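According to numbering that gives the first Met the number 0, the sequence shown holds residues 0 to 486 in order.
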Amino acid sequence: MGALMKKAKKISGFTIVELMVSMAISLVILGALVSLFVSTSRVSSEMAKVSGLIENGRFAVQIIESDLVHAGYWGGYVPQFDDLGSVGVPNDVPTAVPNPCTTYANWDRNFRINLMGIPVQAWGATMPSGAGCAAFPAKRAGTDTLLVRHADMCIAGSANCPQVAGRLYFQSPLCDTQRNAAALQQVASVDAAFNPNNIVFTPASSSSTDDAYVGMMLRTSGGTGAGQYRLITDYDGSSRTAAISPNWSPAPSVDIYSNPTTYSFEYLLRPAASATEVFPLRQGNCLTAAPMRRYISNIYYVTDASHPDRPGETIPTLVRSQFDGSSGAVQQAPEMLVEGIEQFRIELGIDDTMTRCSPATAVNYGAARSNVEPSTCTSNAGNSYANTLPINRGDGAPDRYKRCTDANPCTAQELANTVSVRIYVLARSRDQTPAYTDAKSYCLGELSGAGTCPAESLVPAANDHYTRHVFASTVRLVNVSARRETP
Numbered sequence: 000m001g002a003l004m005k006k007a008k009k010i011s012g013f014t015i016v017e018l019m020v021s022m023a024i025s026l027v028i029l030g031a032l033v034s035l036f037v038s039t040s041r042v043s044s045e046m047a048k049v050s051g052l053i054e055n056g057r058f059a060v061q062i063i064e065s066d067l068v069h070a071g072y073w074g075g076y077v078p079q080f081d082d083l084g085s086v087g088v089p090n091d092v093p094t095a096v097p098n099p100c101t102t103y104a105n106w107d108r109n110f111r112i113n114l115m116g117i118p119v120q121a122w123g124a125t126m127p128s129g130a131g132c133a134a135f136p137a138k139r140a141g142t143d144t145l146l147v148r149h150a151d152m153c154i155a156g157s158a159n160c161p162q163v164a165g166r167l168y169f170q171s172p173l174c175d176t177q178r179n180a181a182a183l184q185q186v187a188s189v190d191a192a193f194n195p196n197n198i199v200f201t202p203a204s205s206s207s208t209d210d211a212y213v214g215m216m217l218r219t220s221g222g223t224g225a226g227q228y229r230l231i232t233d234y235d236g237s238s239r240t241a242a243i244s245p246n247w248s249p250a251p252s253v254d255i256y257s258n259p260t261t262y263s264f265e266y267l268l269r270p271a272a273s274a275t276e277v278f279p280l281r282q283g284n285c286l287t288a289a290p291m292r293r294y295i296s297n298i299y300y301v302t303d304a305s306h307p308d309r310p311g312e313t314i315p316t317l318v319r320s321q322f323d324g325s326s327g328a329v330q331q332a333p334e335m336l337v338e339g340i341e342q343f344r345i346e347l348g349i350d351d352t353m354t355r356c357s358p359a360t361a362v363n364y365g366a367a368r369s370n371v372e373p374s375t376c377t378s379n380a381g382n383s384y385a386n387t388l389p390i391n392r393g394d395g396a397p398d399r400y401k402r403c404t405d406a407n408p409c410t411a412q413e414l415a416n417t418v419s420v421r422i423y424v425l426a427r428s429r430d431q432t433p434a435y436t437d438a439k440s441y442c443l444g445e446l447s448g449a450g451t452c453p454a455e456s457l458v459p460a461a462n463d464h465y466t467r468h469v470f471a472s473t474v475r476l477v478n479v480s481a482r483r484e485t486p
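Written as structure tokens, this is what we have:
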């Protein structure tokens, strides 16, 4: 009974030893949690840097690719030298590399011919310059410059594609009487009584609006004086008289019994006078106006722009200058596209040899097309329709790649024969990683036969704390290469 009546032992809590042990264990656990949090934050930060680097690199390449696939698109117009359906010696072969900074007032006949025939240009250290360009921020050393030309994909005046007064627009006819106008149909006569270098249009089929045909390229497609390209520089609507430049040589003939001259309205390229002006060239029904498309000319390069988060610092950025004559200068001040683009290199794929037959033959625009039968690579004298393969024109596939540099610039003919473009972009992380040092060098180009990087393509190690990655892509210029292909 005494044992049962004993008091229960009093609970007195932890001893000091137990408390110290528990605190030590808690500190260890807390330290592990803090370490895990710091490590996770660091990994998350690095992942964000790498993700941003990859996103920026891909985006930069994608922007340029999406522009290049449209290079050389002129709404149905094909330069004669690149048209496998044309006959005779072409007279619109580019003879000089056009300067994109030329003011519109100086776009003469020859400049426009070069412009239409060269949809892609590239430069090394030198930037294009002139009165027609806004002041460009300095280009980053060692990077290239790329220009892409084409007509816009959307039709001016359609949804989300406004027509803006002063902007340059391109129009090409599909009407037969404009594409192949006989001497007494669309173009009535040479106005010999007043000026042998004026053209008088037939009133019933031409515009009565002054300057309607200014900026139009006119070609003598047959008869006396065939093969001449002339730019209409003035047009009087009341008399239907147009002035051309340069002068005819020789003068066309209107004698319907003696090799009369025929004409082709090639295209019209000039600023729109208003947001509602309709250019005079026509669609296939010869009644409806042909589509007007904005003239596009984009210049891409890399500059050191101000860092958005750290005043006083810069970050390499891909920028683009767009053509817009409505606001004064031809090429506008560049807009920032993608930050973190440290290097930008361009190689052009040049199609200057026909390699389907052996031996390979060089492109020769100084002669008419020389066709052979594809299966035999010889001319079929008994069936001329079987001769579909030109041996003195390109075949649409690049024969070599070239980087245009100051020491070795690309010629007008090389640019006219460009059918593909290789893009190399070296992207850099936006911020540094103190614990990392980039000791790697990068190759922005094709490796040599020995598997080494050519010196001109090598970017040496920066030995700084940024992460980097090379992005590369090859883009086919469909509008140029596809029209050269034959079965």
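For every residue, glycine included, the Cβ atom is placed at its ideal position computed from N, Cα and C. Nothing here was measured: the structure is a model prediction, and the numbers come from that model.
Per DSSP, Thr176 is one residue of the alpha helix (DSSP H) stretching across 175-178. In the three-state reduction of the DSSP assignment, Gln227 falls in the coil class. For Ser419, the enclosing beta strand (DSSP E) starts and ends at 417-427.
By alpha-carbon distance to Leu425, the top candidate from Thr410, Glu413, Tyr300 is Tyr300. DSSP places Ser480 in the uninterrupted alpha helix (DSSP H) bounded by 477-480.
Gly56 sits in a helix when the DSSP states are folded into three classes. Gly236 sits away from Ser204, with the two beta carbons spaced by 8 Å or more. Taking 8 Å as the cut-off, the beta carbon of Met353 is found closer than this to the beta carbon of Arg392. Annotation for Gly116: the continuous alpha helix (DSSP H) segment containing it runs 108-116. DSSP places Ser244 within a strand segment (E or B) once states are collapsed to three. C-alpha of Pro408 to C-alpha of Ser128: approximately 16 Å in a straight line. Looking at the backbone, the Cα of Pro486 and that of Arg292 are separated by about 31 Å. Distance check between Arg319 and each of Glu484, Ile340, Arg355, Val86 places Ile340 closest, using alpha-carbon atoms only. The continuous beta strand (DSSP E) containing Phe200 extends over residues 197-200. Taking a C-beta distance under 8 Å as the contact criterion, Val469 and Leu443 qualify as a contact pair. With respect to the 8 Å criterion, Pro89 and Asn113 are not classified as neighbours on the basis of their beta carbons. Note that the C-beta distance between Val77 and Ala367 is not below 8 Å. Beyond the five residues adjoining it in sequence on each side, Gly141 comes within less than 7 Å, by CB distance, of Gln342 in the same chain, given in chain order.
Contact between Lys48 and Thr432 holds: CB atoms are separated by about 7 Å, below the 8 Å threshold. Rounded to the nearest whole angstrom, the CA to CA distance from Ala121 to Leu267 is 26 Å. Annotated three-state conformation of Asn105 is helix, per DSSP. Exclusion of the five residues before and after Ala288 leaves Val277 as the residues of its chain whose Cβ lies within less than 6 Å of its Cβ. Between His149 and Gly84 a beta carbon distance of about 21 Å is seen, past the 8 Å cut, so the two are scored as non-contacting. By the neighbour-count definition (other C-beta atoms within 10 Å, threshold 16), Ser38 is an exposed residue. Counting only runs of 3+ residues, the beta strand (DSSP E) found wholly inside the stretch 378-418 occupies 399-401, in chain order.
Asn197 is not a Cβ neighbour of Ala130, given a cutoff of 8 Å. Within the stretch 267-311, the complete beta strand (DSSP E) runs of at least 3 residues fall at 292-305. Gln321 sits exposed, since fewer than 16 C-beta atoms from the chains shown fall within 10 Å of its C-beta. Our two residues, Ile314 and Leu145, have alpha carbons roughly 20 Å apart in a direct line. Note that the stretch 405-423 does not touch the stretch 22-33; fewer than 3 beta-carbon pairs, one per stretch, sit closer than 8 Å.
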